[in-house]
Amino acid sequence: MIKFPSPHDRVLPHQIQVTFPEDLATKEVTLDRVIGSLIGLAVGDALGASVEFRPRDYLLHHPVSDMQKGGTWGLNAGQWTDDTSMALCLASSFITKRCFDPYDQMVRYKWWYKYGFLSSTGHCFDIGSATRRALDEFCRRQRFLKNFYHCKTDEEVDRLPLEKVLGIKGFSPECSSAGVAGNGALMRLAPVPLFYFRSPVEAVGYAGRSATLTHGDVIARDACRYYAALIVAAIHGESKEKLLSNGFYSNHRDWFGSKNLHPEILQVAQGSYKRPHGYDDGIRGKGYIVSALEAALWAFYYDDDSFGKGVLAAIQLGDDTDTTAAIYGQLAGACYGYQKIPESWRRQLYADRLITSIGHWLHFLGKQQPNTQQQLQKVAVKYPVLTTNSQSQNRQLNVATSSRNGIQSNTSAPGYMGYSLYPSPSYAASTQVFRQSNPHGIYNSVNIGHNSDWNQPSVDSLPALDLPRHQGTLKSSGYYMPANYSSKRPYY
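Counting from -2, one number per residue, gives the positions in the sequence shown under this note's numbering.
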């Protein structure tokens, strides 16, 4: 097993000691595709990093043809950015926890944000503003947990088990809100379908939940659900023609449970990206998740079964070049396999051995999933009781009481409740309790008021644990433009 270092040790990715499963089935074609998807993501990220934010006109005169140093972030050839760092954080959670643990995922994203965990440079860079806001909100919620559970250190609160974290009614690791629909959720997606590819319903369901941790809009959720389904089908060997068929969604409808795809994502699934003139036909490598999804699928559709041609075409669109290419690489790598990614790029990729090892472990540990994870997951949780007369402390301990935050169990011990942390999507799809419009599953839609300064939440009238209502304007494209935005990457 890979032992990931403490974020405080500042160990760079290439310095991490890697291992491989002992009963490695190297001849399994699914293994080649799983590793291909993860390496494809990183290769796309690294190729696009040197020209990130460059417009289309610039790339027409200076096309990318190989790994190159310099550019926006002054990286060495083969180094990657936030796309790969966050994907590796997500993968490290699966390898360590061996299940979908949203709290642990957010902890690891925070480690990257605060300490440069699994960054190619040892520092966080290129973080999108939506991700930054979500992680700032997560840090605020962790301060509440630290006080409530009397944790002495930040490391102790980071290690809190999921059942204890969710033992507080109304607490959620989902730190975003409706309207946040940037491509940051899609760029890191691959580890979810790679871990759960043997169970497509779980892969699709957890893909959506992974998105809403930092990108709360239903469009972001459904973009990730749809793309996860494509990756799963590719790993299982479905032909490219079937993957890109306008009927793919209807042919795999049972993978998606009771929730239909959002109309914008449904349009993509029905072929909105099939535009032969690409950029001139409106395909853009932008930060909005629908644009990014279309751009990646356009590159895949017209790549003539060549990873090299497709990834360079994705970069050639300009703007968010690394992310468009990373999204392309996830699906193309899963479809074509590791061996079809140009060897020179694989050889130049920073920390390629670590990424390959992580792919092996995702493939191996996903196979070891216990049957109990395929059913409703329940734990006995004793909910906290307000015991203070302080109004301010009571505000901090204010909890939601809606019955949809938990499910009563007749077999629960007195004073406890059988609480579904993250029910199996296959169970949820067949259970009436979960057939509700709320995109966050069992959680209620809740909001917290904020002052114009993001770091100054207004807790005088609303519970401190509720989700943030962002100040700013909801654009027609479906994402928020924060009032005080200044980042080059505002949308994800």
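For each residue, glycine too, the CB sits at the ideal point set by N, CA and C.
Checklist entry - Excluding the five sequence neighbours on either side, which residues of its own chain have a C-beta within less than 7 Å of the C-beta of His259, listed in chain order? => result Non-local beta-carbon contacts of His259 in its own chain, meaning distances under 7 Å to residues more than five positions away in sequence, involve Val215, Ile216 and Asp219 in chain order.
Item to check | Neighbour-count burial assignment, Phe192, 16 or more Cβ in a 10 Å radius | outcome: Around the Cβ of Phe192, a 10 Å sphere holds 16 or more other Cβ atoms; the residue is buried.
Checklist entry - What residue from Gln336, Asp29, Ala131 and Ser255 has the CA that sits closest to Gln102's CA? => result With distances taken between Cα atoms, Gln102 lies closest to Ala131.
Next on the checklist: To the nearest angstrom, how far is the alpha carbon of Cys96 from that of Tyr55?
Outcome noted: 44 Å
Item to check | Cβ contact (3+ pairs, closer than 8 Å) linking the stretch 297 to 307 and the stretch 328 to 342 | outcome: yes
Item to check | Proximity below 8 Å, CB of Ile228 to CB of Ser34 | outcome: yes
Next on the checklist: Only counting the same chain, and skipping five residues up and downstream in sequence, which positions put a Cβ closer than 7 Å to that of Arg30?
Outcome noted: Ala231, Ile232, Ala331 and Gly334
Checklist entry - Which value, in whole angstroms, describes the spacing of the CA atoms of Val308 and Arg195? => result 27 Å
Item to check | Beta-carbon contacts of His360 that lie in its chain and below 6 Å, excluding the five residues immediately before and after | outcome: Leu28 and Val31
Next on the checklist: Closest to Gly254 by C-alpha separation, out of Val201, Ser354 and Tyr110, would be which residue?
Outcome noted: Nearest C-alpha to Gly254: Val201.
Item to check | Member of Phe91, Gln14, Gln76 and Leu85 whose CA lies at the smallest distance from the CA of Gln365 | outcome: Measuring from the Cα of Gln365, the nearest candidate turns out to be Phe91.
Next on the checklist: Can you give me the C-alpha to C-alpha distance between Gly113 and Gln76, rounded to a whole angstrom?
Outcome noted: It is roughly 14 Å from the alpha-carbon of Gly113 to the alpha-carbon of Gln76.
Checklist entry - Comparing alpha-carbon positions, which option in Glu134, Lys111 and Thr321 lies nearest Gly284? => result Thr321
Item to check | Own chain residues within Cβ distance below 7 Å of Gln345, not counting five before or after | outcome: Met64, Ala74 and Gly75
Next on the checklist: For Glu492, count the other beta carbons within 10 Å of its own beta carbon; 16 or more makes it buried, fewer makes it exposed. Which is it?
Outcome noted: Residue 492 lies beyond the residue range present for the chain, which begins at -2 and ends at 489; the question has no answer from this structure.
Checklist entry - According to the neighbour-count rule (16 or more other Cβ atoms, all chains shown, within 10 Å of its Cβ), is Leu142 buried or exposed? => result buried
Checklist entry - In the DSSP assignment, what are the bridge partners of Tyr285? => result Tyr285 pairs with Gly179.
Checklist entry - Tell me the DSSP bridge mates of Leu72? => result Gly67
Checklist entry - With respect to the alpha helix (DSSP H) encompassing Ile352, which residues constitute its N-terminal and C-terminal limits? => result Asp349 to Lys364
Next on the checklist: Mapping the DSSP letters down to three states, classify Trp342 as helix, strand or coil.
Outcome noted: helix
Item to check | Reference Val189, options His11, Leu72 and Leu85, closest by Cα | outcome: Per the C-alpha coordinates, the member of His11, Leu72 and Leu85 positioned closest to Val189 is Leu85.
Checklist entry - Can you find at least 3 beta carbon pairs, one from the stretch 4 to 17 and one from the stretch 105 to 112, that sit closer than 8 Å? => result yes
Next on the checklist: DSSP three-state label for Val189, please.
Outcome noted: helix
Checklist entry - Would you call the CB atoms of Ala127 and Thr69 closer than 8 Å? => result Using a Cβ distance threshold of 8 Å, Ala127 and Thr69 do not count as a contacting pair.
Next on the checklist: Taking the alpha-carbon of Gln12 as reference, which of Trp358, Ile352, Gly363 and Ile262 has the nearest alpha-carbon?
Outcome noted: The residue with the shortest Cα to Cα distance from Gln12 is Ile352.
Checklist entry - Quick one: Cα of Cys121 to Cα of Leu115, how far? => result C-alpha separation (whole angstroms): 9 Å.
Checklist entry - With 16 other CB atoms within 10 Å as the buried threshold, where does His249 fall? => result buried
Next on the checklist: Do Ile280 and Ala178 have their beta-carbon atoms positioned less than 8 Å apart in this structure?
Outcome noted: no
Checklist entry - What is the residue span of the alpha helix (DSSP H) that Asn257 lies within? => result That residue, Asn257, is in no alpha helix (DSSP H); it is neither H nor E in DSSP.
Checklist entry - What's the C-alpha gap between Ala323 and Glu171? => result 24 Å
Checklist entry - Could you give the C-beta distance for Thr318 and Gly282, rounded to a whole number, given that I count them as a contact under 8 Å? => result 6 Å
Checklist entry - Is Leu210 helix, strand or coil by DSSP? => result DSSP places Leu210 outside both helix and strand once states are collapsed to three, so it counts as coil.
Checklist entry - Is it true that the CB of Val265 sits closer than 8 Å to the CB of Glu238? => result no
Checklist entry - So what's Cys136 in DSSP terms, helix, strand or just coil? => result In this structure, Cys136 counts as helix in the three-state DSSP scheme.
Checklist entry - Residues in its own chain within less than 6 Å of Asp155 by CB, not counting five upstream and five downstream? => result Val104
Checklist entry - DSSP state of Arg401, grouped into three classes? => result Low confidence applies to Arg401: its pLDDT is 29, below 50, so where it sits in the model is not reliable enough to give any reading.
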